[in-house]
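Below you'll find the structure, written out as structure tokens, and then a few comments.
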Amino acid sequence: MNTRNKVRVFVFVKSIAMSLLMLAVCCQSAEELKSEQYFVEGYQLYTTNCSNCHQVDGKGMLNLYPPISGSQTLSDKALLACIIKNGMRDTILVNGRKFSRPMPPNAKLSDIEVAEIVTYVTVKWGKDSIYTKIEAVRSSLANCKKY
Ligand code: HEC
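Using mature numbering (1 follows the signal peptide of the UniProt record, and there is no 0), the letters of the sequence shown correspond one by one to residues -30 to -1, 1 to 117.
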């Protein structure tokens, strides 16, 4: 290969490498951006719809309202989405304490709003680091069991 062709090959390989790099940078930050957006909007929705009972710190109140932070429910996002949308009427143990008051439904919340609240609580108090997708929430909501 003469020098001129070597340069051509080098430029070609370099441009592919650059494109791959740009793709990685662009898409990773798009996901991060979406996670931040869901988290912030989820925070606002939590403040309006949930913190009255579960409190701003997610620790609940006495034996009236169960804690969300530290709760098992955070690892079952399908159940979480259903509780947010449909409320709950059961007797449950959360972090070793018993609760039996009903939680009212939130029928007016859209699928994306439910996804944003799920994102907020699972990132804030659970082990998640990225947002919960609206498609996942939609299929969870289609399969909720009734309480
Ligand atoms: C009017 C008070 C009230 C509001 C508002 C409310 N909850 Fe609840 N929530 C309850 C009660 C009471 C229970 C226990 C229900 C039972 O025992 O069946 C509960 C249960 C839960 C549970 C399951 C138990 C646990 O702690 O893991 C989750 C998760 C939850 N709520 C999340 C939310 C979220 C998120 C919102 C906002 C969209 C919300 N709740 C709004 C009162 C409320």
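All C-beta atoms in this analysis are idealised placements derived from N, C-alpha and C, irrespective of residue type, glycine included.
| Boundaries (first-last residue) of the beta strand (DSSP E) holding Arg(-23) | It is not in any beta strand (DSSP E) - Arg(-23) instead sits in the alpha helix (DSSP H) that spans Thr(-28) to Asn19.
| What residues match up with Tyr35 in a beta bridge as DSSP calls it? | Met31
| Beta-carbon separation of Lys47 and Thr102 under 8 Å? | yes
| task | Identify whether Val88 lies in helix, strand or coil by the three-state DSSP scheme. | result | In the structure shown, Val88 falls within a helical segment according to DSSP collapsed to helix, strand and coil.
| Distance cut-off 7 Å: Phe(-19) Cβ against heavy atoms of the ligand HEC | no
| message | For a test of your reading of the model: does the CB of Met31 fall under 7 Å from any non-hydrogen atom of the ligand HEC? Yes or no. | response | no
| Would DSSP call Val26 helix, strand or coil? | In this structure, DSSP gives Val26 a state outside helix and strand, which the three-state scheme calls coil.
| said: Measuring straight from C-alpha to C-alpha, what distance separates Leu3 and Arg59? | reply: Spanning the two alpha carbons is a distance of roughly 36 Å.
| message | the ligand HEC and Asp46: does any heavy atom of the ligand fall closer than 7 Å to the residue's C-beta? | response | Asp46: no, Cβ never under 7 Å from the ligand HEC.
| said: By the three-class DSSP mapping on this structure, what secondary structure does Lys103 have? | reply: Looking at Lys103 - three-state DSSP - the assignment turns out to be coil, as it is neither helix nor strand.
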